[in-house]
Amino acid sequence: MSERILHKLFLTNQAKADLEYWVKNNPQMLPRIYRLIDSAKVSRETGIGRPERLKHFEVPTWSRRITSEHRFVYSVKADCLFVLQLRHHY
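Heads up: the sequence shown begins at 51 in this note's numbering, then just goes up one per residue.
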């Protein structure tokens, strides 16, 4: 099955707060975060950051590694990528 590139991006309030944290405290991580988001827009299950499907969520949800400590957690619905968090573990 061929996946299509997602064109809509939504950030939860938590994801917005996490992004603000990175901007203020560690801006050199922003290019990696943006690459992870771009990779997830192309394919939710493959690409950089070691994508992993999370088992204990009602809605299909994935994570990718930002660092060994922090994860990018997201879900996909229709043509939308929902960014749930950009810090800590799930």
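All residues carry an ideal CB built from backbone N, CA and C; glycine is no exception.
- By the Cβ test, the segment 100-113 is not in contact with the segment 55-66, since fewer than three Cβ pairs between them sit closer than 8 Å.
- Bridge pairing for lysine 58: Cys130 [DSSP].
- Beta-bridge partners assigned by DSSP to phenylalanine 107: none are found.
- Rounded to whole angstroms, histidine 120 and glutamine 78 show a C-alpha spacing of 14 Å.
- Spatial neighbours of valine 133 in its own chain (CB-CB distance under 6 Å, excluding positions within 5 residues in sequence) are listed in chain order as Leu61, Ala65 and Tyr124.
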